[in-house]
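In our numbering, the protein residues as written are 8 to 308.
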């Protein structure tokens, strides 16, 4: 039911489990009919239509500047157990199952079936959220809904802005963040069955924060130097492919679509803010770039 492959990245390697087509279709039905019709935390910016990591970053980097703290939930999907998923789905469906007249035993079976469909068996040891499933990000948001709510209530009196993009939790406050913020967040995360990766905890003074690869400069908000280097490398690679006639036409077409999407994505930081775009990020859109551009979040992931 799953195809496994290994993804290599600068941060390390991770196992990706992609569902076979029939399971993927079932998961998309669960996504549209259950996960996207239920409550969504205002803090969640991944996997939510109309939201993105760019919108989340603007919450913290816009205005006159604020102190930021970035914290990372360790091994987010592998740490999300079958128990997490089952409990979250039961909370989500409890009232609807009651309206349908299902008795507790039938409701339990239905939730168990749904929980199995959106989790993967990891070597017979346990089930977990897979990296590569269409439901995983939305399911993770549902699992973390109580945690997001707890943190939002804690942040409100101090006028702290809180957002979460999958496992990246960001807090900001123009007048400075509380000294004990990291400890408070750590305790809340542990109470909900997860843990933080202390190596990725970063606190920055106002005007020096990097949020989801974006930074604030005098003229506005732009990709960080590291992100610019990454984007420039991708632009060069795809530009070369569009001109390489030895590559199959469908692959050249996908590269054209990528360049078109990347150019649209970069316009929001440069042309729309009237900031000069670096030469390394200039893109010549090739003819025939008819493939729909990828989503902004996919450009970053």
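The beta carbon of each residue, even a glycine, is placed where N, CA and C say it ideally should be.
Quantities reported herein were computed from a predicted structural model and do not represent experimental measurements.
- Mind checking who residue 128 pairs with in its DSSP beta bridge? Here residue 128 refers to the residue found at position 121 when the chain shown is read from its first residue. Partner(s): 134.
- Do residue 60 and residue 135 have their C-beta atoms closer together than 9 Å? Translated into the one-based positions of the chain shown, residue 60 becomes position 53. Translated into the one-based positions of the chain shown, residue 135 becomes position 128. For residue 60 and residue 135, no; Cβs fall outside 9 Å.
- Message: Using only CA atoms, which one of 278, 195, 184 and 282 lies nearest to residue 209?
- Response: As a working mapping, residue 209 is identified with position 202 in the chain shown. Per the Cα distances, 184.
- Message: I'd like to know whether the C-beta atoms of residue 81 and residue 203 end up nearer to each other than 9 Å.
- Response: Within the chain shown, the letter at position 74 stands for residue 81. Within the chain shown, the letter at position 196 stands for residue 203. In this structure, residue 203 lies closer than 9 Å to residue 81 by Cβ.
- Please classify residue 49: does DSSP put it in a helix, a strand, or coil? As a working note, residue 49 is residue 42 in the chain shown. Residue 49: coil per DSSP, three-state reduction.
- Task: Quick one: which unbroken alpha helix (DSSP H) runs of 4-plus residues sit fully inside the region 73 to 115? Chain order, please.
- Result: Runs of the alpha helix (DSSP H) inside the region 73 to 115: 89 to 106.
- Task: Have a look at the DSSP bridge pairing and note the partners of residue 273.
- Result: Within the chain shown, residue 273 is the residue found at index 266, counting from 1. Bridge partners of residue 273: none, in fact.
- Item | Under the three-state DSSP convention, the category residue 154 falls into | Here residue 154 refers to the residue found at position 147 when the chain shown is read from its first residue. Helix at residue 154.
- Starting from residue 191, follow the alpha helix (DSSP H) in both directions and report where the run begins and ends. By one-based count along the chain shown, residue 191 stands at place 184. Counting along the chain, the alpha helix (DSSP H) containing residue 191 begins and ends at 188 to 198.
- Message: Can you look up residue 201 in the DSSP assignment and give me helix, strand or coil?
- Response: By 1-based counting over the chain shown, the position of residue 201 is 194. Coil, per DSSP.
- Taking the C-alpha atoms as reference points, what is the distance between residue 216 and residue 230? For the purposes of this step, residue 216 is identified with residue 209 of the chain shown, where counting begins at 1. For the purposes of this step, residue 230 is identified with residue 223 of the chain shown, where counting begins at 1. Roughly 12 Å between the two C-alpha positions.
- Query: Where do the N-terminal and C-terminal ends of the beta strand (DSSP E) with residue 66 fall, by residue?
  - Reply: Here residue 66 corresponds to residue number 59 of the chain shown, with the count starting at 1. From DSSP, residue 66 is part of no beta strand (DSSP E) but of the alpha helix (DSSP H) over 60 to 68.
- Message: Going by C-alpha to C-alpha distance, which of 258, 233 and 232 sits closest to residue 244?
- Response: By one-based count along the chain shown, residue 244 stands at place 237. Closest by alpha carbon: 258.
- Query: Looking at C-alpha atoms only, which residue of 290, 153, 205 and 276 is the closest neighbour of residue 51?
  - Reply: Reading the chain shown from its first residue, position 44 is the one you call residue 51. Distance check between residue 51 and each of 290, 153, 205 and 276 places 153 closest, using alpha-carbon atoms only.
- Query: Using the C-alpha atoms, what's the distance from residue 93 back to residue 133?
  - Reply: Here residue 133 refers to the residue found at position 126 when the chain shown is read from its first residue. Here residue 93 refers to the residue found at position 86 when the chain shown is read from its first residue. Their Cα atoms are separated by approximately 13 Å.
- Message: For a test of the three-state rule: what should DSSP assign to residue 228, helix, strand or coil?
- Response: Position 221 of the chain shown, counted from the start, is the residue given in the question as residue 228. Correct three-state label for residue 228: strand.
- Task: With distances taken Cα to Cα, identify the nearest neighbour of residue 33 among 189, 109, 140 and 108.
- Result: Position 26 of the chain shown, counting from 1, holds the residue named residue 33. Closest option to residue 33, Cα to Cα, is 140.
- Opposing strand residues paired with residue 180 [DSSP bridges]: To locate residue 180, count along the chain shown from 1; it is residue 173. Its beta-bridge partners are 74.
- Item | Interface flag, residue 172 vs chain B, CB-CB below 9 Å | Looking at the structure shown, chain B is missing, and only one protein chain is on hand.
- Message: For a quick check, are the C-beta atoms of residue 280 and residue 226 less than 9 Å apart?
- Response: For this step, residue 280 is matched to residue 273 along the chain shown. For this step, residue 226 is matched to residue 219 along the chain shown. Their beta carbons are under 9 Å apart, which means residue 280 touches residue 226 by this criterion.
- Looking at C-alpha atoms only, which residue of 142, 181, 75 and 109 is the closest neighbour of residue 125? As a working mapping, residue 125 is identified with position 118 in the chain shown. Of the listed residues, the one whose Cα sits closest to residue 125 is 142.
- Determine the extent of the alpha helix (DSSP H) in which residue 35 is found, giving its start and end residues. Sequence index remark: in the chain shown, residue 35 carries index 28 (1-based). Residue 35 -> alpha helix (DSSP H) spans 28 to 37.
- Task: State the Cα-Cα distance for the pair residue 54 and residue 219, rounded to the nearest angstrom.
- Result: Position 47 of the chain shown, counted from the start, is the residue given in the question as residue 54. Position 212 of the chain shown, counted from the start, is the residue given in the question as residue 219. Using only the alpha carbons, I get a separation of about 15 Å.
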